[in-house]
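Presented below is the structure to which this report refers.
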Amino acid sequence: MPSAGGTSPDGQTVATIARAILEVRYMYSWGGSTNNWKKPGAYKYDSARAPYLDSMAAASKAKGGRHYAGRASPDSKLVDPRGKTISTDSQNAIVFGVDVTGSMETWPLEIFDRLPLLYQTLSQYRPDVEISFGAIGDATCDNYPLQVNNFGKGVDLETHVNALCAEGGGGGQVSESYELFGHFVINRVKMPNATSPFLFICGDENFYTQVDPAQVEHYIGDKMQGAVDSKKIWAGLTQKFDVYFLHKPYGNSGDAGITAEVRKHWADAIGPQRVIALPGYDRVVDIAMGIVAKRWGHYGDFKDSLNSRQTDPGVVDGVYHSLRFIPEEGSTNSRLDNALPPGRTVPLSKLLPPGDSGTPA
């Protein structure tokens, strides 16, 4: 893993990233204090949640505080997908798959940095929310192309994110094994009580057009009669989850042509309004939180939080721009809210006002 360092856009200092260990200091902390935000104390978590937030702060302290350890290999006891089924009794499950190839390998660090923010914000909206984090690579060349955690909540999620290996591989053909992850999710994720589940996939490349039976058997343990069109996997997942591809511009410096190609590839599979442009990988948690907040009817609270953490209007506007086509709960333009029971989805192209194509400007 190459070295990097500096100060995160949220004002937290991130130490040099080394192969053996990543030490992150002045990160978001567990507990209700917002005194280290850009506008200290301007945002307050729900006071009724104070005892729970205090308990998470105490649990984190008992574990020795927060740190992120880079790994040369994953913790197979926690994230090996072979023969594994993950389940949750939560009504509000979230599956979060992160591309950890090449330019994406610092994403687990960015997510870990904001993990208390993500969980504490969403759990005050829906207290039973549980999250499963996974890592996605390239099964044609990587050692660990599929890693999947169980569902979890609170401080335990730190252990889950730390179990993932950001291998930093990939084959250089503008495709990664997102469809292998999709096969796992549609077949090996059980949520019997879920009414509002989300599936987020963060990346910058295409999925392979077919699900490879040999890869599925090797990494997951399932036997398939033959290859399956990957679009069938995504079609099935959009019936089970509210699915979003969080789309980072391609490569380290961005390539407009490839970025447009990748956007079209995903849009053809899940719908253009489910492909959400990211201003940068450091905004992935903000974008994911904003989507959930909008869909759950808490967008005003999310905006209060964002404006308390950011003083750069450009950063704030960039987040709002990425979220502009996400329908809010109860929106008169949302056929999803008005016509279907919770937990069901329809193409987001049907949710827009008349005459609005939803094509990003």
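Using the working numbering, read the sequence shown as starting at 6 and increasing by one per residue.
All C-beta atoms in this analysis are idealised placements derived from N, C-alpha and C, irrespective of residue type, glycine included.
Query: From the DSSP output, in three-state form, read off D104 for me.; Result: strand
Query: Between I275 and K299, which are expected to be in contact by the criterion C-beta below 8 Å, what is the C-beta distance as a whole number of angstroms?; Result: 18 Å between Cβ atoms; not a contact.
Query: Shortest alpha-carbon distance to I238 belongs to which of N40, V289, D51 and Y183?; Result: Y183
Query: Among residues of its own chain, excluding the 5 on either side of V267, which ones have a beta-carbon nearer than 8 Å to its beta-carbon?; Result: V179, D209, E210, N211, H252 and Y255
Query: If you follow the beta strand (DSSP E) that Y406 is part of, which residue opens it and which one closes it?; Result: The structure shown has nothing for residue 406, since the chain only spans 6 to 366.
Query: Give me the DSSP bridge partner(s) of L204.; Result: V100 and V248
Query: By DSSP, does V233 sit in helix, in strand, or in coil?; Result: strand
Query: When every heavy atom of the ligand HEM is checked, does at least one fall within less than 8 Å of the C-beta of L242?; Result: The ligand HEM is absent from the structure shown, which contains no ligand whatsoever.
Query: Please name the residue in Q244, P202, S201 and G231 whose C-alpha comes closest to that of Q215.; Result: G231
Query: Report the rounded CA-to-CA distance for P121 versus F101, giving the unit in angstroms.; Result: 15 Å
Query: Looking at C-alpha atoms only, which residue of L114, M196 and A272 is the closest neighbour of D94?; Result: M196
Query: Taking the C-alpha atoms as reference points, what is the distance between K68 and K158?; Result: 16 Å
Query: Name, in chain order, the residues that DSSP records as bridge partners for N167.; Result: N167 is not bridged to any residue.
Query: Looking only at C-alpha atoms, which of D227, K228, L283 and G226 sits nearest to F250?; Result: L283
Query: Does DSSP classify Y149 as helix, strand or coil?; Result: coil
Query: Taking the Cβ atom as the reference point for each residue, do F203 and I296 lie within a distance shorter than 9 Å?; Result: yes
Query: Inspect the CB distances between the region 101 to 116 and the region 42 to 53 and report whether three or more fall short of 8 Å.; Result: no
Query: Please report the distance separating the alpha-carbon of I206 from that of S327.; Result: 15 Å
Query: Just mark Y286 as buried or exposed, buried being the case when its beta carbon has 16 or more other beta carbons within 10 Å.; Result: buried
Query: As a quick exercise: from K43, G139, I225 and Y124, pick the residue whose alpha carbon is nearest that of P168.; Result: The displayed chain sequence assigns Ala, not Pro, to residue 168. Selected option, being the one with the closest Cα: G139.
Query: Check this for me: beta carbons of I141 and R193, under 9 Å apart or not?; Result: no
Query: Return the CA-CA distance between Q278 and Y57, expressed in angstroms with no decimal places.; Result: 36 Å
Query: The alpha helix (DSSP H) with F189 in it runs from where to where?; Result: Y183 to R193
Query: So C170 and S78 are supposed to be a Cβ contact under 8 Å. How far apart are they, rounded?; Result: 5 Å
Query: Nearest to D85 by CA position, among V160, D247 and P150, is which residue?; Result: P150
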